[in-house]
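Undergrad: First residue of the sequence shown? That's 62 in this note's numbering, and the numbers climb one at a time after it.
Yeah, the Cβ is synthetic: ideal placement off N, Cα and C, and Gly gets one too.
Supplied in structure tokens, the structure appears directly below.
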Amino acid sequence: MSRQGARAVEIVDVAPRDGLQSDEAMVSTADKVELIGRLVEAGVRRLEATSFVNPKRVPQMADAEALMEALPRPDGVTYIGLVMNRRGLDRALAAGVDEINAVVVCSDTFCERNQGTTTAGAVSVWEDLATGAREGGIGAGVTLSAAFGCPYEGEVPTERLAEVAAEVVRSEPAEIAIADTIGVAVPPQVTERVQAVREAVGPDMRLRAHFHNTRNTGFANVVAAVDAGVDVLDASLGGIGGCPFAPAATGNIATEDLAYLLDRMGIETGVSLESLCRSALWLEELLGRPVPGYLSKAGGFPRGLD
């Protein structure tokens, strides 16, 4: 039951894409469909369903078209496809995604490793993708990856992040995500950088945050982001996932743990903790190993799991 006047935060579950893309398990298309169906049943309304990238680089995502064809299309549910180039966009449009997400890495070295181009080159690619998505009748968001730190260059200055944000906003994204790709951020940095990006992109741009819990600061960073005005947060069922091109970038924040945190803060998410916990345990069986999330092990408090 919703609490009248409560603030709401949207959770975007990225387990089907970011969660599975670097996992050793090769999950079948049918199991991916069940994973997404479980998340939708739990109340998640935006999901990163897959990525349209070179299957030789990310073989876990080789079934992107087959997955999109098999997915149910309930009203109010949005399926996001990650694209890195125009070929990926063409595939995503043909497959019927509801929106795309592109990536611009804020450090040149990591961008070269991840996308084969500099940050400036990635901005140019993003501009083309944004235009193509609009022409295709779907929305386009962009993630500013390595927004806090780079595994090759170290600290990424706040000024650099703000400059990249100012570049990408010119192509009118539906949303800009700030991503701690390697899990190095701490709350004061989140506060500072959300403010810097907000100043660079204007008051009306929707901001999203993507945290990894690699160094156990992800949930503290969530609180800082929410306090700074971010209303969209990424999470992954069970806390699975990480970037396959960033050394040791394990652990998205867990969707069920995030939902519990926000609920206890009096913030509406529209998701069922009980349903998410059941699905996290199901995911453990599917992957054949424990998942990093805690709520499915500890349970809710004090009102039970609903």
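Once you ignore the five residues that flank Glu196 on each side, which residues in its own chain have a CB closer than 7 Å to its CB?
TA: There are no such residues.
Undergrad: Name the two residues that bound the continuous beta strand (DSSP E) containing Ser112.
TA: Its beta strand (DSSP E) spans residues Arg107 to Phe113.
Undergrad: Just verifying my parser: in three-state terms, what is the DSSP assignment at Asp124?
TA: Here Asp124 sits in coil by DSSP.
Undergrad: I believe Ile239 touches Leu205 by the beta-carbon criterion, under 8 Å. Please report the beta-carbon distance rounded to the nearest angstrom.
TA: So it is a contact: roughly 6 Å between Cβ atoms.
Undergrad: Looking only at DSSP bridge pairs, what is Ile314 linked to?
TA: Paired residues: none, contrary to the question.
Undergrad: Return the CA-CA distance between Gly303 and Gly198, expressed in angstroms with no decimal places.
TA: Looking at the two C-alpha atoms, the distance is approximately 30 Å.
Undergrad: How about Glu224: is its C-beta nearer than 8 Å to some C-beta of chain C?
TA: Absence of chain C from the displayed structure is noted, only one protein chain being present.
Undergrad: Run through DSSP, which three-state label would Ser232 get?
TA: Correct three-state label for Ser232: helix.
Undergrad: When the Cα atoms are used, what is the spatial distance from Met129 to Arg148?
TA: So the alpha carbons of these two residues sit roughly 17 Å apart.
Undergrad: Should Asn175 go down as buried or exposed, given a rule of 16 or more other Cβ atoms within 10 Å for buried?
TA: Asn175 should be labelled buried.
Undergrad: Distance, Cα to Cα, Ser185 vs Val284?
TA: Each residue's alpha carbon lies about 33 Å from the other.
Undergrad: Determine which residues share a DSSP beta bridge with Ser336 and list them.
TA: According to DSSP, Ser336 bridges with nothing at all.
Undergrad: Could you tell me which residues DSSP pairs with Asp292 in its beta bridges?
TA: Per DSSP, none; premise fails for Asp292.
Undergrad: In the structure shown, what three-state DSSP assignment does Arg148 receive?
TA: Note: Arg148 maps to helix in three-state DSSP.
Undergrad: If you run the structure through DSSP and keep just helix, strand and coil, what is Leu81?
TA: Here Leu81 sits in coil by DSSP.
Undergrad: Alpha carbon to alpha carbon, what distance is there between Thr316 and Ser333?
TA: So the alpha carbons of these two residues sit roughly 11 Å apart.
Undergrad: Less than 8 Å between the beta carbons of Ala261 and Ala223, yes or no?
TA: Contact: yes.
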